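Right, one structure below, let's go through it.
2 protein chains.
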Amino acid sequence: MFDLEESPGNIMDMTEGNSLHKSKHDTGSVGNTDDGQKYDSGGVSYDFSCIYSKDLLPAEDGEEATKHFLQELVNILMAHVSKSIKRSSKVLDFHHPHQLKEGLEGFNLELSDQPENLEQILVDCRDTLKYGVKTGHPRFFNQLSTGLDIIGLAGEWLTSTANTNMFTYEISPVFVLMEEVVLRKMHTIIGWKEEDGDGIFCPGGSMSNLYSVLLARFHLFPAVKTHGMSAIPHLALFTSAHSHYSIKKAAAVLGIGSENVVLIRCDERGKMLPSELNARINEAKIKGLVPFYVNATAGTTVYGAFDPLNEIADISEHHGLWMHVDGLLQECNQLCAEYLFQPDKHYDVSYDTGDKSIQCGRHVDIFKLWLMWKAKKKSQLAHPLQGSEGFEAQVNHCLENSEYLYYKLKRRTDFQLVFKGKVAPKIKAKMMEEGFAMISYQPLEDKVNFFRCVFSNPATQREDIDFLLDEIVRLGSEL
Amino acid sequence: MFDLEESPGNIMDMTEGNSLHKSKHDTGSVGNTDDGQKYDSGGVSYDFSCIYSKDLLPAEDGEEATKHFLQELVNILMAHVSKSIKRSSKVLDFHHPHQLKEGLEGFNLELSDQPENLEQILVDCRDTLKYGVKTGHPRFFNQLSTGLDIIGLAGEWLTSTANTNMFTYEISPVFVLMEEVVLRKMHTIIGWKEEDGDGIFCPGGSMSNLYSVLLARFHLFPAVKTHGMSAIPHLALFTSAHSHYSIKKAAAVLGIGSENVVLIRCDERGKMLPSELNARINEAKIKGLVPFYVNATAGTTVYGAFDPLNEIADISEHHGLWMHVDGLLQECNQLCAEYLFQPDKHYDVSYDTGDKSIQCGRHVDIFKLWLMWKAKKKSQLAHPLQGSEGFEAQVNHCLENSEYLYYKLKRRTDFQLVFKGKVAPKIKAKMMEEGFAMISYQPLEDKVNFFRCVFSNPATQREDIDFLLDEIVRLGSEL
């Protein structure tokens, strides 16, 4: 059953080199290992230069070519994964848009009417990764990717191979049930009974927030679905000044109007001030608006602050408002699929019975999380020996990293609050051009531009934080 | 550089069997080839039973385990791809929800707090595919997946490995430019100048349609964004009775109200009647509504009918309405990413400058299409020898299949219009239980339940159509 002659070779080699022939566009970097040494991939090398997409499955006799093609792709992907994690490699190889568009080293983004052979397709794949950003690199501190999780990656590869859709049990029996299982598990963790919760995974946090406003509006004014906003009173909704801008966006999209989103002042740590909330609700009522919704944030975008949920809940209950918690769950964020929270008092999600989503078809987002959940565990305590990569441990590692950064910053004399906020952008620009680390910055209220260090990448260690600080000092001193 | 000792073995074997040990949950089917023969995968077998997620990258020394794990996964995926395409395999192995939930043959969907070892994770992956639907099977006639495209699959694997997001050039330089290139190419094809078009890829046709209504509303009444629907007149929009329900859904979500969507009558072929459209627009005006939007469908959901675009455009222009064409482009549909059309007279997409999408972060949908476009070509004429798998040829093959079905149906005496519409559901239920083919059905207006055969799978040949017809007759005769 195993025929060595048919093997495309060294599937274990994770350097960038492999058996690809030099393409017509290639100027030399492809087909070589990092140190420039050329080799074939350990046996019979396969010539992709006369094979085209049409020769792959479902073409008759396409199985052999398909195997070889996918195997070669996997070699390229594995090389990328391996390189991404290495501190000696750059986080990015920065180029300006016009440079990339000009076709750097033969990497041609343009589409011609001629089909490319599979050799060129594989070179295109390698180049796409080469000129991209290695979001899994230990020194990628930028938002939003949180490192490459191999189990999650496996989940994505399988999902795309299964190539189906979430709209019916008929075509997605397993995935539909997995979504139910995972949602029920999440409900249990936050203390809901099985029958209290419902939900779907949707494409990102902004969509989740839009759903929450939509549900609240329908719950309180069901006529809006058929008759529209003209049939219901003027609405007002409330969120903290530090919350994500998606709440305003949702109000604009849903026809409520962005100016009817009232931003509540925060304390100096970025937490919503409950007294302010109460005052603004009363103010809105006096103006003739109908307050109907409060968004509380558990982890604000910039400071990571947690609004005082209990106090907000009391105020919401007092005024009869729907309270939504934008829950920036670590494991969900990582998947670009945030769970939609509703307060348990409003569990009866009756909106659009039969089809829960705004979309009709829906991408299968669930398998990745389900598989990661199977492979990791919730808590370190349940099985101490294998706990170091559980979700909880992963989050704790990130928190330890941020404590370490704080500790180091307090002790260093070469960092101080910069004025006018022009330093951070300049340092970042130089950092991106050199490509050894990546971090984001922004201003907030009266604060000037400051670096915002995101810890979510499990690959990041203390040495990377030290490197980052030294790098900022070095680049800053050259200004 | 190629060390045979380190090779996990037969990467070329695409049967279901491989080197996985039997898991504690496994009752025997895993680890065997289809004919039950057991083997190791051609060399050193790797023991995944004592390896956990924590042992994979970014763990120190995690590279070796990562390579082996991903390679084993790829073996499983390749076996699935190979099997999916084989007519001798079932399209699906049907089970009711309660059966799957009970943990069929040890396939346990539930999440425990214990981490599973990678052997079990791989078994879970195999089982997930085993109990799913093979949407790439030549006899999968059901909506909506259109066969598994190997280049598209490669694109998805790379996209998930790159693990980034579309929100900035900073973190997605290559993908952001690819989106621009592909959109510009699409604009050129439909006859727009470069500077006339703009757009984004979004998660599915329903979202695209929602965007179109959103843009039209903002274009005509920009105040709606900040002030909401209460600041603008009562709106009405128009779409054919055979169009996709997402237009109604969009009106509900956007606060316009689903009852303000006016459904226009169609002719017997499912095309919108322009005279009806004109009459209903006038009627809405008399009622005090403000008509602002017409959706014309190029390929309706059930009949695949094309609305008379030119006549609708004339009427829209006369009344000053925004005309949107729901373009069911084959290549886009296939990707769950439909391009958003706007009429060229309204090209100035000024909505939400700076961030074009409702979402903030956005999944990278573009690479798959870009890569497929590179690998196929637009037209058969440009390069006759390699044209048989171009997009155009692929669509033509589907059209030929549907002509063939029509031809056969006309000649067969054992098919006729059924009454009461109870036959199709019964035949489909039996078909799914047996699992050798899959087709959808539905009623429409005065028509009873009828089979709806979707031709979009390049794997489907005439023999599959013959098989389908015979199967329907066979199952029907047993009722």
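Each protein sequence line maps, in turn, to chains U and G.
Residues in the first sequence are numbered consecutively from 1, following UniProt numbering.
Residues in the second sequence are numbered consecutively from 1, following UniProt numbering.
In this text, a Cβ means the ideal position worked out from N, Cα and C, and glycines have one as well.
Note that the structure is a prediction, hence the values are computed from the model and not measured.
query: Are three or more beta carbon pairs between the region 229 to 238 of chain U and the region 249 to 260 of chain U nearer than 8 Å?; result: yes
query: For the beta strand (DSSP E) that U/A296 lies in, which residues bound it at each end?; result: 290 to 298
query: For G/E63, decide whether its Cβ has a neighbour in chain U, counting only Cβ atoms nearer than 9 Å.; result: yes
query: Give me the chain U residues within the contact set of G/L111, using Cβ-Cβ distance strictly less than 8 Å, ordered along the chain.; result: V181, V182, K185, W370, W373, K374
query: Quick one: is U/E268 buried, meaning 16 or more other Cβ sit within 10 Å of its Cβ, or exposed?; result: exposed
query: Round the Cβ separation of U/L177 and G/K90 to the nearest angstrom and send it over; I've been treating them as touching at under 8 Å.; result: About 20 Å; that fails the 8 Å criterion.
query: Any idea if U/Q114 is buried or exposed, counting beta-carbon neighbours within 10 angstroms, 16 or more meaning buried?; result: exposed
query: Within 10 angstroms of its Cβ, does G/C125 collect 16 or more other Cβ (buried), or is it exposed?; result: buried
query: Is it the case that the Cβ atoms of U/H244 and U/D307 are separated by a distance below 9 Å?; result: no
query: How far does the beta strand (DSSP E) with G/Y441 in it reach, from first residue to last?; result: 440 to 444
query: Return the residues of the region 110 to 136 of chain U that lie within a Cβ-Cβ distance of less than 7 Å from chain G, sorted by chain order.; result: E110, L111, D113, Q114, P115, E116, I121, D124, C125, T128, L129, Y131, G132, V133, T135, G136
query: Report the three-state DSSP secondary structure of G/G476 (helix, strand or coil).; result: helix
query: What separation, rounded to the nearest whole angstrom, lies between the Cα atoms of U/R362 and U/F201?; result: 9 Å
query: Let me know the secondary structure DSSP gives U/K422 once reduced to three states.; result: coil
query: Using 10 angstroms around the beta-carbon of U/E433, count the other beta-carbons present and answer buried if the total reaches 16, otherwise exposed.; result: exposed
query: Kindly confirm or deny that the region 84 to 98 of chain U and the region 131 to 143 of chain U touch, where touching means at least three C-beta pairs closer than 8 Å.; result: yes
query: Fully enclosed by the region 129 to 211 of chain G, which beta strand (DSSP E) runs are 3 residues long or longer?; result: 201 to 203
query: Assuming the contact rule is C-beta atoms closer than 8 Å, G/A437 and G/L405 should be a hit. Round their C-beta distance to whole Å, please.; result: Actually they are not in contact, since the Cβ atoms of G/A437 and G/L405 sit about 13 Å apart, beyond 8 Å.
query: Using a cut-off of 8 Å between C-beta atoms, extract the partners of U/S212 located in chain G.; result: Simply none; closest approach about 13 Å.
query: Assuming contact is defined by CB atoms lying nearer than 9 Å, are G/W322 and G/L215 in contact in what I supplied?; result: yes
query: Going by the DSSP bridge assignment, what does U/T239 pair with across the sheet?; result: U/L263, U/N295
query: I'd like to know whether the C-beta of U/L340 is nearer than 9 Å to at least one C-beta of chain G.; result: Reliability of the predicted coordinates at U/L340 is poor, the pLDDT of 31 falling under 50, and the value obtained from them is presented with this limitation in mind. Not closer than 9 Å to any Cβ of chain G, the Cβ of U/L340 fails to qualify, so no.
query: Taking DSSP as the reference, what is the three-state secondary structure of G/L92?; result: strand
query: Exposed or buried, what is G/P443 when buried is set at 16 or more other beta-carbons lying within 10 Å of its beta-carbon?; result: exposed
query: Tell me, to the nearest whole angstrom, how far the beta carbon of G/Y131 is from that of G/H95; I am working on the premise that it is less than 8 Å.; result: 6 Å
query: What do you get for G/D464, buried or exposed, if any count of 16 or more other CB atoms within 10 angstroms of its CB means buried?; result: buried
query: If we cut at 9 Å on Cβ distances, does G/E259 have a partner in chain U?; result: yes
query: Take G/A154 as the anchor and find which of G/R412, G/Y169, G/K374, G/Q99 has the nearest alpha-carbon.; result: G/K374
query: Thinking C-beta only, is U/L148 closer than 9 Å to U/S84?; result: yes
query: By Cβ distance below 7 Å, which residues in the same chain neighbour G/A65 in space, the five residues on each side in sequence not counted?; result: I51, D55, L56
query: With a threshold of 7 Å on Cβ separation, who are the neighbours of G/E276 within its own chain once the five nearest residues in sequence on each side are excluded?; result: I264, R265
query: Hey, is G/T239's beta-carbon within less than 9 Å of any beta-carbon in chain U?; result: no
query: Using DSSP with H/G/I as helix, E/B as strand and the rest coil, what is U/R452?; result: strand
query: Strictly under 9 Å for the Cβ-Cβ distance: is G/N165 near chain U by that measure?; result: yes
query: Less than 9 Å between CB atoms is the rule here; does G/W192 satisfy it with respect to chain U?; result: no
query: Against chain U, with Cβ distances strictly below 9 Å, would G/V290 count as a contact?; result: no
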